[in-house]
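Counting in my numbering, the sequence shown runs from 2 upward without gaps. Comments concern the structure below.
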Amino acid sequence: MADSGKHWSGVGEAGSLLGMRILLFAYRLFGRWGFRLILLPVISYFYLTRKQARQASAEYLTRLSATFPHCIKKGMTSRQHFWTFGEILLDKLLVWMGHIRRDDVVFETPVAFSELDQSNQGGVILVSHLGNTEVCSALAHQLPDIRVTMLVYTQHAEKFNTLMKQTNSNASINLMQVTDMSPATAMILSERVDAGEYVVIAADRTPVSGAKRTSAVEFLGATASMPQGAFILAGLLRCPVYLMFCLKQEQKYHIYLERFATQLSFNRRHRSEQIQSAVQNYAKRLEHYCQIAPLQWFNFFPFWKSEQPASNPINETLS
2 MADSGKHWSG
12 VGEAGSLLGM
22 RILLFAYRLF
32 GRWGFRLILL
42 PVISYFYLTR
52 KQARQASAEY
62 LTRLSATFPH
72 CIKKGMTSRQ
82 HFWTFGEILL
92 DKLLVWMGHI
102 RRDDVVFETP
112 VAFSELDQSN
122 QGGVILVSHL
132 GNTEVCSALA
142 HQLPDIRVTM
152 LVYTQHAEKF
162 NTLMKQTNSN
172 ASINLMQVTD
182 MSPATAMILS
192 ERVDAGEYVV
202 IAADRTPVSG
212 AKRTSAVEFL
222 GATASMPQGA
232 FILAGLLRCP
242 VYLMFCLKQE
252 QKYHIYLERF
262 ATQLSFNRRH
272 RSEQIQSAVQ
282 NYAKRLEHYC
292 QIAPLQWFNF
302 FPFWKSEQPA
312 SNPINETLS
């Protein structure tokens with residue numbers, strides 16, 4: 002979660018490795034209810050002390066309510082948003098512990114998964130901070146032959162990743178740390194895609210290097226900055242591009258996979274416009290899935306331009 006005035010990559014990790022271990026111990030000893038009992042004061046503390054994260058949550062829910070009023074229900078406040086974040090934190094750990102069974106996962110788009118399974122080409126899978134990205138490891142159970150490299154900014158979540166590795170040293174997903182997409186990194190990823198591997202990268206948060214490679218897109222009724230990096234990378238790799246979202250619904254993990262493009266191609270003359278179009282199309286799909294799980298978009302940082310969200314009664318309950 003956020004500290005005021007900083008880019009997300011410069012914000013120190015909330016909490017400590019010891020705190021995460023205590024939460025995990027509570028779960029192992031008492032189950033989810035024990036975890037929730039200890040989680041309550043932890044989430045309350047962060048809700049009260051992280052003003053910027055609280056404001057970012059309120060703005061997101063207000064914009065979502067104004068744009069898609071049908072998807073906001075009673076009780077969907079910033080407090081509940083924070084609480085959902087804590088619950089998903091446990092789910093992330095359970096994935097890496099190997100506690101997520103095949104029966105816990107619903108593959109909503111079997112045709113798309115079949116296409117992925119039968120392809121020998123490799124590709125790029127765009128994910129987001131909506132839902133639980135770690136559950137993409139379920140792909141390894143559904144599609145035993147698939148190989149996945151997940152690009153992460155591990156410095157920002159060093160403690161969490163340390164705990165995950167200690168919890169399960171045999172995790173099947175290959176994590177690759179990136180702070181900037183260098184030519185050497187692109188070459189490594191190209192070799193992996195050519196070998197039939199899939200590269201997973203989040204496409205909804207401004208890059209660590211700053212806001213230079215971003216596009217201003219319409220998202221939830223206002224202008225927001227979204228990164229171009231994932232789309233530029235996909236264009237360089239010249240491979241199929243998919244979108245994947247894993248949303249928790251009725252105590253199961255529903256994985257949605259859809260083809261975004263057979264191949265992204267940006268020519269020199271119209272490169273800027275083509276990249277802009279790709280990022281905008283992604284923003285529209287992200288909007289669609291935010292409606293399915295409104296409280297599961299965990300981007301607790303200033304996201305929109307400086308204009309204030311439209312007046313909405315939900316503001317009264319989100320402050």
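For every residue, glycine included, the Cβ atom is placed at its ideal position computed from N, Cα and C.
Partner residues in the beta bridge of residue 298, as assigned by DSSP, are 131. Ranked by Cα distance from residue 75, the options 299, 303, 305 and 295 are led by 295. Looking at the DSSP output, residue 244 bridges to 127 and 259. For residue 93 against residue 60, the beta-carbon gap comes to about 25 Å, at or over 8 Å, which does not count as contact. Distance from the CA of residue 260 to the CA of residue 289, rounded to the nearest whole angstrom, comes to 15 Å.
Under the three-state reduction of DSSP output, residue 88 falls in the helix class. Looking at the backbone, the Cα of residue 204 and that of residue 230 are separated by about 8 Å. Secondary structure at residue 228: strand, using DSSP grouped into helix, strand and coil. Partner residues in the beta bridge of residue 305, as assigned by DSSP, are 225.
Going by C-alpha positions, residue 235 is about 10 Å away from residue 187. Around the CB of residue 112, fewer than 16 other CB atoms lie within 10 Å, so the residue is classed as exposed. In the displayed model, residue 98 falls within a helix according to three-state DSSP. The Cβ atoms of residue 221 and residue 110 do not sit closer than 9 Å to each other. For residue 178, the three-state secondary structure derived from DSSP is strand. If you look at residue 274, you'll find it in the alpha helix (DSSP H) that goes 272-293.
About 10 Å separates the beta carbon of residue 245 from that of residue 125, a gap too long to meet the 8 Å contact definition. Put simply, of 226, 183 and 122 the residue whose alpha carbon is nearest the alpha carbon of residue 263 is 122. A straight line joining the alpha-carbon of residue 80 with that of residue 293 spans about 19 Å. A direct Cα-to-Cα measurement between residue 306 and residue 119 gives close to 42 Å. DSSP, reduced to helix, strand and coil, places residue 77 outside both helices and strands of the structure shown, so it counts as coil. In chain order, 62, 295 and 296 place their CB closer than 7 Å to the CB of residue 77, counting only its own chain and leaving out the 5 sequence neighbours on each side.
Counting along the chain, the unbroken beta strand (DSSP E) around residue 217 starts and ends at 215-220.
Between the alpha carbons of residue 282 and residue 84 lies a gap of roughly 30 Å.
Counting other Cβ atoms within 10 Å of its Cβ, residue 184 stays below 16 and is therefore classed as exposed. Straight through space, the alpha carbons of residue 280 and residue 227 are spaced by roughly 7 Å.
The beta carbon of residue 95 is closer than 7 Å to those of 101 in its chain, skipping five residues each way along the sequence. Ranked by Cα distance from residue 285, the options 223, 42, 38 and 152 are led by 223.
Per DSSP, the continuous beta strand (DSSP E) segment holding residue 108 begins and ends at 106-108. Straight through space, the alpha carbons of residue 54 and residue 46 are spaced by roughly 12 Å. Here DSSP, grouped into helix, strand and coil, assigns residue 250 to strand. Beta-bridge analysis with DSSP links residue 61 to no other residue.
Ranked by how close their Cα comes to the Cα of residue 108, the residues 147, 247 and 242 have 247 in first place.
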